[in-house]
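Input: a single structure, listed below in structure tokens.
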Amino acid sequence: MFPIIAKTDLSSTVSKFVIGAPYIAKKRKPGNFIMLRLDETGERIPLTIVDGDAAKGTITLIVQAIGKTTRALCGKKAGDVIIDVVGPLGNPTPLEYHGSVACVGGGVGTAELLPIATGLKGLGNRLYSIIGARTQDLIILEKEMSGISDGLYLTTDDGSYGRKGFVTDQLKELLEGNLGIEAVYAIGPLPMMKAVSHLTKHYGVKTYVSLNAIMVDGTGMCGGCRVTVGGEMKFACVDGPEFNGHEVDFDELMMRNRTYGDMEKISIERFENNGKEKSFK
Amino acid sequence: MSEFNSLKPSERMKIPRQQAAEQAAEVRSGNFLEVSLGLDEVRALTEASRCLECKNPVCIEGCPVGIDIRSFVQLVMKEDFVGAVNKIRESNYLPAICGRVCPQESQCEEVCTLGKKHPAVAIGKLERFVADYEMKHNLFTPPVIAGKRPEKVAIVGSGPSGLTCAAELAKLGYQVTVFEALHAVGGVLRYGIPEFRLPRYILDLETERIKALGVEIRTNFVIGKTATIDELFGEWGFSAVFLGTGAGTPTFMGIPGENLSGVYSANEFLTRVNLMRAYSFPEYDTPIKIGKQVAVIGGGNTAMDAVRTSKRLGAEKAYLVYRRSRQEMPAREEEIHHAEEEGIEFLLLTNPKRIINDGNNWVKGIECQRMELGEPDESGRRKPVAVQGSEFIIPVQTVIEAVGQKPNPIIQATTPGLQTGKRGTVVTNEFQRTSREGIFAGGDLSRGGATVILAMRDGKTAAAAIHDYVSSRNNGNTIHRPETEHPDPAAVHAT
């Protein structure tokens, strides 16, 4: 059993959880993820570890209520427990000194980006960060990112906060400015990472993306998370989740991620209509 | 006492082999309940009385874990069913599982003396009967455990080799901890073998009996990630480690269209159903998509499990596509037979060439090519050769590839000095020792894909070797290293 030690709402749909998981807390590195299962009838879903405290034995997750399980999780409170949490899984993000780097976070992807950006800053990189979201309410971790960045840029699709437009508009300006950006780390929705990779390829700037594929076990057993990278079949869980964005077949992955779309809707409707009491069991 | 005890051999031979009742094929292909209902008491007694009680019981040699089959069958004959199951448990701690999934027809029953002229004694069904009898009447008593020893042994993976190794070491008094990556115990017995062959309650019960020996089981713990092998030796204080992590990484054929929606590895397909209970969606969260027409590629037990599961999930047509002929199929005869009974359509001498896109990145068919058998290949089986111009398309919406698994690489990648062989297997000698001191391995991890019972044999062998290793270390001796190191595990386990 893994207790929820603390829960903070970051926006109307995004919550931050501190979870007791001492072994994972000790071993986790930026880029690692966990698989969790909420209860006996639950599915296993991957979530990136955003932070951790080895001394306190806790890990931090930031979750947006999108699917059935993330909605159920966001309905939980401090003191509740999660029956299964396993990790840290996946390879840590390769962090190195590049000189100047750009970190691009889209929506809740910013949460996954924060430990990477922190690590990159710690290595002495000059850090330019872009946070983008659909609308102001979904911009998260502005303060935290601002604290470590040499330049922080905000964009919203609807212009409700920061620059109106996409993260790529801002990134293009940075790449064209004389900042000497040698690498880009992008985490967010697949269309965003695809657009970023497309842009940076044009400028010949190395780009790391973190792929969120469908997973069952998260340890290399099912092959459900297979992605085509550089023409080869890779498993996002054990070969990734970070890959060279210029080599990823994003279109294929986006198609694969839609496999269960209709069933996810059924799950969500069922949860919203009658399943809510389940989370208080 | 049974009236059969006084029968002469000639009389025994006249008794027909007793058949276990089964769910009717048309009924069971719509549910996940067990296919075989097992022998009842009368049939078990009758079956046991067929045993010739040979002076030289070759059946015991045919058993990979050396169960004293003659004695246990004699105990059945005497109606001492609990005595019989305890006799089995001396050599095999998981009788209810082995009585269900062991390929007896190619082991003990294959060499049975009676079997030379008549059908062999149904040893497997008798094993299952006594295990079920004990369970039904709640007569299990844990075996005597030797005096507690201070040494801790770590078992990595809770599949058949790990559970067996854990039980054997616990009986010797060791403090045993089993580390399991998934949230449930059993490894391939849990995620791979369907409930209609091995009901979940059997696995749960056998697990409880392992725990009854004092074994600690930690689920949600990935060795190589949550803690490394070197940390198990270091801060965790384990004296020895047994690796039984199986062959859980699926391989794909490498044909076009494999990444379309509707294509599964057998591992993913079976894990969704067996471990995550996708057949009960939306009550259980995990989804699965099954087409009206399904093609399963492969000819092994995993392929049989997947294709029979497809039928149970509602596929109207479930095809098994195999590039050789029925004779070369590695699956157990009983499983092939059950699949045929359940209306699975076998497309033999048929090789998939590509999976066809419906235009929306979903599977709509599979293009295959007819094959014919040529000269024997390195496996001794006749090699299939493509018939030119014989391509044809099968309309299917789901494709499941059951074309082999290899070991998960996480432990090998995080354990310096651990020697690996072909296809990522961990190299062991005949005592299941690896290239690293104190680390032992067995089951599919060292074999690359075999049976539950061979995994259990490895677990037993390793437990004995670990006992030797820990004892000799305590006596201050240097470790005895056998001279015959086998770089290729296949050389050790050639069967």
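Residue numbers (our numbering), protein chains in the order written: chain S, 1429 to 1709; chain G, 1027 to 1521.
Here a beta-carbon is modelled for each residue, glycine too, at the ideal position from N, C-alpha and C.
Predicted, not measured: the structure shown is a model, and the values here were computed from it.
For residue 1694(S), the chain G residues whose C-beta falls within less than 9 angstroms of its own C-beta are 1307, 1308 and 1313, listed in chain order. Secondary structure note for residue 1423(G): it is in no beta strand (DSSP E), with a DSSP letter that is neither H nor E.
With fewer than 16 other CB atoms across the displayed protein chains lying within 10 angstroms of its CB, residue 1693(S) is exposed.
The beta carbon of residue 1506(S) lies closer than 8 angstroms to those of 1432, 1433, 1434 and 1435 in the same chain, with the five residues before and after it left out. By the rule that beta-carbons nearer than 8 angstroms mark a contact, residue 1661(S) touches chain G. Nearest in C-alpha terms to residue 1220(G), of all of 1467(G), 1298(G), 1175(G) and 1448(G), is 1298(G).
For residue 1236(G), the enclosing alpha helix (DSSP H) starts and ends at 1226 to 1237. With fewer than 16 other Cβ atoms from the protein chains shown falling within 10 Å of its own Cβ, residue 1522(S) counts as exposed. When only Cα atoms are considered, residue 1468(G) and residue 1449(G) end up about 15 angstroms apart. DSSP, reduced to helix, strand and coil, places residue 1100(G) within a helical segment of the structure shown. For chain G, the residues of the segment 1506 to 1517 of chain S that bring a beta carbon within less than 9 angstroms of one of its beta carbons are 1511, 1512, 1513, 1514, 1515, 1516 and 1517, in chain order. About 44 angstroms separates the beta carbon of residue 1376(G) from that of residue 1255(G), a gap too long to meet the 8 angstroms contact definition. Using a CB distance below 7 angstroms, the part of the segment 1269 to 1295 of chain G facing chain S consists of 1274, 1275, 1276, 1278, 1285, 1287, 1291, 1293 and 1294, ordered along the chain. Scanning 1162(G), 1236(G) and 1132(G) for the CA closest to the CA of residue 1064(G) turns up 1162(G). With respect to the 8 angstroms criterion, residue 1445(S) and residue 1517(S) are not classified as neighbours on the basis of their beta carbons.
For residue 1621(S), the closest Cβ of chain G is not nearer than 8 angstroms. Per the C-alpha coordinates, the member of 1212(G), 1208(G) and 1178(G) positioned closest to residue 1186(G) is 1212(G).
Chain order gives the chain S residues near residue 1207(G) as 1514, 1645 and 1647, where near means a beta carbon separation below 8 angstroms. Around the beta carbon of residue 1645(S), 16 or more other beta carbons sit within 10 angstroms, so the residue counts as buried. Considering only beta carbons, the part of the segment 1448 to 1473 of chain S lying closer than 8 angstroms to chain G consists of 1451, 1452, 1455, 1465, 1469, 1470, 1471 and 1472, in chain order. For residue 1422(G), there are no C-beta contacts with chain S under 9 angstroms, since the nearest C-beta of that chain is about 16 angstroms from it. Within chain S, no C-beta atom comes nearer than 8 angstroms to that of residue 1440(G); the closest sits roughly 11 angstroms away. What residue 1248(G) touches in chain S, judged by beta-carbon distance under 8 angstroms, is 1514, 1515, 1517 and 1647, going in chain order.
As DSSP reads the structure, residue 1214(G) sits in no beta bridge. Residue 1612(S) sits close to residue 1635(S), with the two beta carbons spaced by under 8 angstroms. In this chain, the beta strand (DSSP E) harbouring residue 1319(G) covers 1319 to 1323.
In chain order, 1319, 1320, 1321, 1322, 1333, 1370, 1371, 1372, 1373, 1420 and 1422 place their CB closer than 8 angstroms to the CB of residue 1345(G), counting only its own chain and leaving out the 5 sequence neighbours on each side.
Nearest CB-CB separation between residue 1683(S) and chain G: below the 8 angstroms threshold.
Counting the other CB atoms within 10 Å of its CB gives residue 1458(S) a total of 16 or more, which places it among the buried residues. Counting along the chain, residue 1181(G) sits inside the beta strand (DSSP E) bounded by residues 1178 to 1182. Assignment of beta-bridge partners to residue 1383(G) by DSSP yields 1389(G).
Secondary structure at residue 1652(S): coil, using DSSP grouped into helix, strand and coil. According to the DSSP assignment, residue 1610(S) belongs to the beta strand (DSSP E) that extends over 1609 to 1615. Straight across, the Cα-Cα distance linking residue 1540(S) with residue 1531(S) is about 11 angstroms. Contact check for residue 1188(G) against residue 1260(G) fails: the beta carbons are separated by 8 angstroms or more. In terms of Cα proximity to residue 1411(G), the closest of 1425(G), 1426(G), 1394(G) and 1427(G) is 1394(G).
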